[in-house]
Amino acid sequence: MPANQLKRAEQAIESLREAGELPPKATFALSELVEVVRNIDKRLTVLEGKGRIHPTAGMGLPNRR
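According to the working numbering, the stretch in the sequence shown is residues 28 to 92, in order.
Structure follows, in structure tokens:
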């Protein structure tokens, strides 16, 4: 999924959150789904041989090069 689509999804979720159109739990769940899609997309890129992700990249470890 293109990054711009994920960014638009995040912006739409933020708009829903600010407008109070959905319960907070629902907007949180939607945000989590966007993050899951982003992670799956990264892994697929690796499997397709288009890039290489360090195994600890998603862990937020300090001092990782």
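All residues carry an ideal CB built from backbone N, CA and C; glycine is no exception.
The DSSP-derived three-state label of E37 is helix. The count of Cβ pairs closer than 8 angstroms, one atom from the segment 34-42 and one from the segment 51-64, reaches three, so the stretches are in contact. Bounds of the alpha helix (DSSP H) holding E59 are 51-74. Counting of Cβ neighbours within 10 angstroms places T54 among the buried residues, the total reaching 16 or more.
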